[in-house]
């Protein structure tokens, strides 16, 4: 239980100046007594004490001098191109998880957001569009990576933290931008002036939210709150339902009279909101789906009363079980290019577990067949 008097008494006993203690109390109460009841973080050293990570290590993460802050690799996207993943160093991940648990999780996201928060799910998001006659789908390109270090700094500052620690928290949640990155060609990714106060913190390019950092999902949601509000206003204006699941934006209406002309107006207005916020739409993934066409959101069919698995997904599960029974496990593993029987087993069980979140009755039937297989491992 926070007690400013006890804090001051203890500080005076340790020889700290009264003015310094009063400033610390004021800064602490700004976040402790905020609507979100956030923890006080007065300095990087204070954060070191709270997280159990040595101050100098945190300092190295902040000044970008620790080149082992992230392990970077890429994976192939199903839609083409590569996705870059940043895995934080163990202690950096620990700090990010602490910030998630004690700071970021306490701040509510916009009601239209359905990803990365407790109780949210793909099914709940898709359910908002069941029975839609017209559907508009828009994807944001490089969603996490479009968020700059300065935006993260502003977020922490808006939550009540002082400028310096907000800056340092932003550095702990972002990755440095390479000097050969295409971002170097854009003004809003370049720092405006040399950091004279703390020269070792100086960088010519702003960092960005990396995919793989523990804090990136929640931070991206919180930074999108203002855009979500504006997009919701667009939806209200056109009598649409709006949801966002990470970088997937959906607008729908149950009215047949909506029309393609209005849909194009919505797309244009959404693009303007995203552009102003620093995001770029994935143009080839923008879709206007009229009445009579199949409606799919986040991989789920919404042409019914509640979200359902697509027939293709169910067929893939049935195919695995059929060929395992017909050809045997080993031959099916070889034919489908799995590394091992364990790999096939884990993959199939994962598909059935996902199905359970959407259609429990169907999943139970498939799981019974799964257990009938004589798995050697």
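Residue numbers (the working numbering): 225 to 601.
We put the beta carbon where it would ideally sit given N, CA and C, even for glycine.
Annotated as proximal: residue 392 and residue 286, with beta-carbon spacing under 8 Å.
Assignment of beta-bridge partners to residue 399 by DSSP yields 432. Boundaries of the beta strand (DSSP E) around residue 474: 472 to 477. Going by DSSP, residue 300 is part of no alpha helix (DSSP H) but of the beta strand (DSSP E) stretching over 294 to 300. In this structure residue 350 does not touch residue 470 by the C-beta definition: roughly 13 Å separates them, more than the 8 Å allowed. Apart from sequence neighbours up to five positions away, the residues of its chain that approach residue 317 with a beta-carbon distance below 7 Å are 438, ordered along the chain.
Contact between residue 277 and residue 319 holds: CB atoms are separated by about 6 Å, below the 8 Å threshold. The C-beta of residue 415 has fewer than 16 other C-beta atoms within 10 Å across all chains shown, which makes the residue exposed. Rounded to whole angstroms, the separation of the alpha carbons of residue 498 and residue 579 is 33 Å. With fewer than 16 other Cβ atoms inside 10 Å of its own Cβ, residue 428 counts as exposed. Taking residue 336 as reference, the option from 467, 546 and 496 with the minimal CA-CA separation is 467. If you draw a 10 Å sphere on the C-beta of residue 327, you find 16 or more other C-beta atoms in it, and that means buried. The Cβ-Cβ distance between residue 503 and residue 370 falls below 8 Å.
For residue 423, the closest alpha carbon among the candidates 386, 283 and 250 is that of 283. Taking 8 Å as the upper bound for CB-CB distance, residue 432 and residue 477 are not in contact here, some 35 Å apart.
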